[in-house]
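Heads up: the structure comes next, in structure tokens.
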Amino acid sequence: MTQDTSGTTTPMGFGRMHRKEDARFIRGRGTYVDDVRLPGMLHGAILRSPHAHARILSVDASAAEAYPGVRAVITGATLETLNLAWMPTLSADVQAVLATDKVRFQGQEVAFVVAEDPYTARDAVELIDVGYEPLEPVVDARRALDADAPVIRDDLEGRTGNHIFDWEAGDRAQTDAIFERAEVTVAQDMLYPRVHPAPLETCGAVADFDKVTGKLTVWCPTQAPHAHRTLYALVAGLPEHKIRVISPDIGGGFGGKVGIYPGYVCAIVGSIVTGRPVKWMEDRSENLMSTAFARDYHMRGEIAATRDGRILALRVKVVADHGAFNGTAQPTKFPAGFFGVFTGSYDIEAAHCEVTGVYTNKAPGGVAYACSFRITEAVYLVERMIDVLACELDADPAELRMRNLIRPERFPYTSPTGWEYDSGDYPRALRLALDMAGYDKLRAEQAERRRGDGPQLGIGISFFTEAVGAGPRRHMDILGLGMADGAELRVHPTGKAVLRVSCQSQGQGHETTFAQIVAAELGIPPDDVEVVHGDTDQTPFGLGTYGSRSTPVSGAATAIVARKVRERARLVAAAMLEASPQDLEWSVSETGGRWSVQGSAGHGRSIQEIAMAAHSNLELPEGVEGHLDAVTVYNPPNLTYPFGAYVCVVEVDPRTGQVKVRRFVAVDDCGVRINPMIVEGQIHGGLADGVGMALMQLMAFDEDGNHLGASFMDYLLPTALECPSWELGETVTPSPHHPIGAKGVGESATVGSPAAVVNAVLDALRPYGVRHADMPLTPANVWSALRGSPLRT
Ligand code: MCN
Ligand code: CUM
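Under my numbering, the first residue of the sequence shown is numbered -17, with each subsequent residue one higher.
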């Protein structure tokens, strides 16, 4: 171990270690897509629809074409001639690249201008004259299902309404039967509003089509470079080996950079048409208006319970607003993502849910913003419902949870909707969180405050279980591409290594943690391992980073490929030591990894010595290859199920509706932690997300479908001012099926925290008779909930 100046240690494997990528990020030396500058590069800009729903009568681009500096104007009509006006989405729908018949949301792409510089391109966009016939927009998802609602997707053959899919899980009959005879039932409608991941770096692309070699290179901040390449090949009919997707440094993805956006396709077509590289970068408003939003779930939850608080059944109905094109990014067989885990962390006899997806005149998306494929919505639903039940029974929400949590001896636990939770000790995590928070003291302070009319104390609890790490590929694919990941490990003669992976860091620190996995397996310093990712020409195939799948899938591939290298090293070491491979034992000490003859530690060889020998003229036994390099593909046997217990303490001023988050205790269990510092950073970020969603963030639309949150003046991101100093705790329940026992963590806090904050605010409002209010709990919304409350004083 070496000590660095911050007091953290650089371990030979797992442990706290500063991120390797920080060296470039904190010096401003990262390379983001907008930093890519190619000789002769042109610039693109998009004309977007001012209407949420309108028929296109005409598009006149002549003035833009004649504008000095413009090299091409591409319209829907141009793309139609190339059969590229529509592209497939990740949910097997189609989405307009550039609108031809109608525009279906405000901000939709209508035309693309390519010019010598970005300013000229933007100016020329203004010169395009589009004739629109405005149509009635559908803004409310529930209105979308009305028989007289305007049909948004009249481009689809035989479409007479806005209904996309119905999906259900669980046992309806069994659930209904329990509800019929239950002592207590409660029901609550709630909305998980539309929010946006709002990464600091917006989307963009640089496309370079080389007419001589026929090779297309696309730089773009994608979370899934290999999936993008295959889709480009399938859509454009280009040979896959002639496409190279390079994902440079990404300034935040949060699920918003999984899909392919029309701008990417336009940049590619622009480069093909002009014969020069084309860069397109969207601005903040374009990002907020047109790229993947998150949530927009209208949910109704019902719980059946005994009078003493044993939960028997859960029933849920959802109307899911998917926007104008069904572009949600989740495994194909899961149109509602992993919402099916909505029974959460509780041992419930029966459950049933129905989700109906609908089109509306809003931007497409739905699966983004650290949602673990909609587990955000599922956790919020069940955690709000438990508090609603606590309200009804006048029970303590912590006790009610403790009473119903899945017991440790029930693992592996199969949920009523068929998910197999791998491991957990839920009561231990909840007890730790309550102890850290000083729960009983907080309740005493709350009782004291309730005697006055000043700021009220609210204590909110949430307990979450996530399912992360998609596949297995037998059940999980995206457009037929199975969710398994490759990994390649090369070990140079001097014992330095290069790991090549398909997952794609957007700020999660893979260059560090993945090097640590190799370091732990081979007993070499993490600084001796370079992690290569983000370039389809240089990395093995895999499905990318989302659903916190990198550690569960690519991380497992990394451990396994390193073990393959270690086994190769055993054979070489046996030859060096003139011993039989079975007689060797592996050990990692402070000086590194070694194969030695069992029982005589001195008689051994370090991994570096073995690496050199593997490349030397050492005589190897018949059948043993030289070198140590290895490749693997990992197809996970199951998802991993991280979990956690959160306690949020707020002060709510009933006179103003103002909410202040005073404390936030988060106990997370993501199995074995590779780098606790990075894990804590991920949790800090997710907790801030939770505060943001619970209290501030909302993508709102007026009745005409105008987007009301298209800048950071209106779409509010939480800052240090709104966030308390996070108090983190940890339990470790390894995943039994993951090679290093790790579970994912990248989305945990975003999934788990909104319910804790909302439960806290409503806990403060409980004496006023307010049982539920929807996010975001802005002062205005809290104020109106109080005004509308039955017990208003
Ligand atoms: N880690 C660890 N020990 C564990 C689990 C994870 O040390 N037991 C480390 C990992 O090795 C990795 C990081 O924590 O360096 C996150 O790992 P993981 O949980 O596998 O999640 P992913 O790497 O797959 O990241 C995806 C996840 C998602 S889906 C969203 S959305 C999100 C998130 O990560 N987007 C982010 N966190 C983000 N953080 C940043 N900075 N930027 C984003 O865009
Ligand atoms: Cu749902 S956001 Mo992440 O899975 O990229």
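Think of the CB as a built atom: it goes at the ideal place given N, C-alpha and C, for glycine as much as any other residue.
(message) Buried or exposed for Ser(-12), going by 16 or more other Cβ atoms inside 10 Å?
(response) Here the question's residue -12 lines up with position 6 in the sequence shown. Low confidence applies here, because Ser(-12) scores a pLDDT of 47, under 50, leaving its location unreliable and the question unanswered by this model.
(message) Measuring alpha carbon to alpha carbon, tell me which residue in Cys185, Gly309 and Leu471 is nearest Tyr14.
(response) In the sequence shown, the residue the question calls residue 14 occupies position 32. For Tyr14, the nearest C-alpha among the options comes from Cys185.
(request) In angstroms with no decimal places, state the Cα-to-Cα distance between Pro761 and Thr57. (result) Taking the sequence shown and counting its residues from 1, the one referred to as residue 761 is at position 779. Taking the sequence shown and counting its residues from 1, the one referred to as residue 57 is at position 75. If you take the alpha carbons of Pro761 and Thr57, they lie about 45 Å apart.
(message) Less than 6 Å between C-beta atoms, sequence neighbours within five positions excluded: which residues of the same chain meet that for Asp467?
(response) Working through the sequence shown from its first residue, we reach residue 467 at position 485. If we look at Asp467 and ignore the five residues flanking it on each side, its Cβ neighbours are Ser484, Gly524, Val535, Ser536, Ala539 and Tyr616.
(message) For Leu677, count the other beta carbons within 10 Å of its own beta carbon; 16 or more makes it buried, fewer makes it exposed. Which is it?
(response) For this step, residue 677 is matched to residue 695 along the sequence shown. Label assigned to Leu677: buried.
(message) If you measure between the beta carbons of Gly491 and Met(-6), is that distance less than 8 Å?
(response) Working through the sequence shown from its first residue, we reach residue 491 at position 509. Working through the sequence shown from its first residue, we reach residue -6 at position 12. Not in contact: Gly491 and Met(-6) (Cβ atoms no closer than 8 Å).
(request) Kindly say whether Ala287, judged by its beta-carbon, lies nearer than 8 Å to any beta-carbon of chain C. (result) The structure shown contains no chain C; it holds only a single protein chain.
(message) Does Tyr101 pass the burial test, meaning 16 or more other C-beta atoms within 10 Å, or should it be called exposed?
(response) Numbered from 1 along the sequence shown, position 119 holds the residue referred to as residue 101. Burial call: exposed.
(message) So for Tyr403, helix, strand or coil by DSSP?
(response) Position 421 of the sequence shown, counted from the first residue, corresponds to residue 403. Reduced to three states, the DSSP call for Tyr403 is strand.
(message) Count Cβ pairs between the stretch 206 to 214 and the stretch 172 to 181 that sit closer than 8 Å; are there 3 or more?
(response) no
(request) May I ask whether a heavy atom of the ligand MCN can be found less than 7 Å away from the beta carbon of Gly234? (result) On the sequence shown, residue 234 is found 252 positions in, with the first residue counted as 1. Correct: Gly234 has its Cβ closer than 7 Å to the ligand MCN.
(request) Could you tell me how far apart the beta carbons of Pro175 and Met757 are, in whole angstroms, since I believe they sit closer than 8 Å? (result) The sequence position of residue 175 within the sequence shown is 193, counting from 1. The sequence position of residue 757 within the sequence shown is 775, counting from 1. 6 Å between Cβ atoms; contact.
(request) Use the C-beta contact count for His25: other C-beta atoms within 10 angstroms, 16 or more gives buried, fewer gives exposed. (result) Taking the sequence shown and counting its residues from 1, the one referred to as residue 25 is at position 43. By the neighbour-count rule (16 or more Cβ atoms within 10 Å), His25 is buried.
(request) Pick helix, strand or coil for Phe683, following the three-state DSSP scheme. (result) Within the sequence shown, residue 683 is the residue found at index 701, counting from 1. Three-state result, Phe683: strand.
(message) Beta-carbon within less than 6 Å of Arg214's beta-carbon, same chain only, minus the 5 sequence neighbours each way: which residues are those?
(response) Looking up residue 214 in the sequence shown gives position 232. The residue you asked about is not Arg; residue 214 is Tyr in the sequence shown. Ile225, listed in sequence order.
(message) Using a Cβ-Cβ cutoff of less than 6 Å, which residues in the same chain neighbour Gly464 once the five nearest sequence positions on both sides are dropped?
(response) Numbered from its first residue, the sequence shown carries residue 464 at position 482. Taken in chain order, the residues that qualify are Arg455.
(request) Kindly indicate which three-state DSSP category Ala155 falls into: helix, strand or coil? (result) As a working note, residue 155 is residue 173 in the sequence shown. Ala155: helix per DSSP, three-state reduction.
(message) Report the CB separation of Ala93 from Phe236 in whole angstroms; it is logged as a contact under 8 Å.
(response) In the sequence shown, residue 93 corresponds to position 111, counting from 1. In the sequence shown, residue 236 corresponds to position 254, counting from 1. The pair is not a contact, with the Cβ atoms about 29 Å apart (cut-off 8 Å).
(message) Please tell me whether Arg294 and Ala159 are closer than 8 Å, where the distance is taken between their beta carbons.
(response) In the sequence shown, residue 294 corresponds to position 312, counting from 1. In the sequence shown, residue 159 corresponds to position 177, counting from 1. The sequence given here has Leu at residue 294, not Arg. Not a contact, by the Cβ cut-off of 8 Å.
(request) Can you tell me which of Val251, Gln486, Arg433 and Ala249 puts its alpha carbon nearest to the alpha carbon of Ser532? (result) In the sequence shown, the residue the question calls residue 532 occupies position 550. Minimum Cα distance to Ser532 is reached at Gln486.
(request) Whole angstroms is fine: what's the gap from Gly605's alpha carbon to Arg550's? (result) Start at 1 with the first residue of the sequence shown, and residue 605 comes out as number 623. Start at 1 with the first residue of the sequence shown, and residue 550 comes out as number 568. Going from the Cα of Gly605 to the Cα of Arg550 covers about 11 Å.
(message) So, at 7 Å on beta carbons, what are the nonlocal neighbours of Ala67 in its own chain, with the 5 sequence-adjacent residues on each side left out?
(response) In the sequence shown, counting from the first residue as 1, residue 67 sits at position 85. These residues qualify, in order along the chain: Gly58, Leu61, Ala78, Val79, Leu80 and Thr82.
(request) Measure the Cβ-Cβ separation of Ser327 and Leu382 and say whether it is below 8 Å. (result) Position 345 of the sequence shown, counting from 1, holds the residue named residue 327. Position 400 of the sequence shown, counting from 1, holds the residue named residue 382. Taking 8 Å as the Cβ cut-off, Ser327 and Leu382 do not qualify as a contacting pair.
(request) Give a single yes or no on whether Ser354 has its beta carbon closer than 7 Å to a heavy atom of the ligand CUM. (result) Position 372 of the sequence shown, counted from the first residue, corresponds to residue 354. Checking the Cβ of Ser354 against the ligand CUM gives yes.
(message) For Val95 and Arg53, what's the separation of their Cα atoms in angstroms?
(response) Residue numbering aside, residue 95 sits at position 113 when the sequence shown is read from its first letter. Residue numbering aside, residue 53 sits at position 71 when the sequence shown is read from its first letter. Taking the straight line from one Cα to the other gives about 8 Å.
(request) Kindly indicate which residue of Asn763, Arg482 and Gln488 has the alpha-carbon position closest to the one of Val500. (result) Translated into positions along the sequence shown, residue 500 becomes position 518. That would be Arg482, whose Cα lies nearest to the Cα of Val500.
(request) Mind the definition here: the stretch 251 to 260 touches the stretch 124 to 134 only if three or more C-beta pairs lie below 8 Å; say whether that holds. (result) no
(message) Mapping the DSSP letters down to three states, classify Cys652 as helix, strand or coil.
(response) Numbered from 1 along the sequence shown, position 670 holds the residue referred to as residue 652. Three-state result, Cys652: coil.
(message) Let me check you understand the geometry: is the CB of Val364 closer than 7 Å to at least one non-hydrogen atom of the ligand CUM?
(response) Within the sequence shown, numbered from 1, the residue matching residue 364 stands at position 382. Result no, Cβ not under 7 Å from the ligand CUM.
(message) Please classify Gln580 as buried or exposed, where buried requires at least 16 neighbouring CB atoms within 10 angstroms.
(response) Position 598 of the sequence shown, counted from the start, is the residue given in the question as residue 580. By the neighbour-count rule (16 or more Cβ atoms within 10 Å), Gln580 is not buried but exposed.
(message) Tell me which residues share the same chain as Gly451 and place their Cβ nearer than 6 Å to its Cβ, disregarding the 5 neighbours each side in the sequence.
(response) Within the sequence shown, numbered from 1, the residue matching residue 451 stands at position 469. Closer than 6 Å at the Cβ level, and outside the excluded window around Gly451, lie Arg531, Pro534, Val535, Pro618, Leu621, Thr622 and Gly726.
(request) Report the residue ranges of all beta strand (DSSP E) runs contained in full by the stretch 568 to 618; include only those spanning at least 3 residues, in chain order. (result) 574 to 579, 582 to 588 and 612 to 616
(message) Residues in the same chain with beta-carbon distance under 8 Å from Thr638, minus the five sequence neighbours each way, listed in chain order, please.
(response) Within the sequence shown, numbered from 1, the residue matching residue 638 stands at position 656. Here the set comprises Pro761 and Trp765.
(message) Whole angstroms are fine: how far does the CA of Val543 sit from the CA of Thr447?
(response) Locating residue 447 in the sequence shown gives position 465, where the first residue counts as 1. Locating residue 543 in the sequence shown gives position 561, where the first residue counts as 1. Computed Cα separation, rounded: 29 Å.
(request) Flag this pair as touching only if the stretch 188 to 197 and the stretch 510 to 523 have three or more C-beta atom pairs under 8 Å; answer yes or no. (result) no
(message) I want to know whether the stretch 339 to 357 touches the stretch 419 to 437 - three or more CB-CB distances under 8 Å.
(response) no
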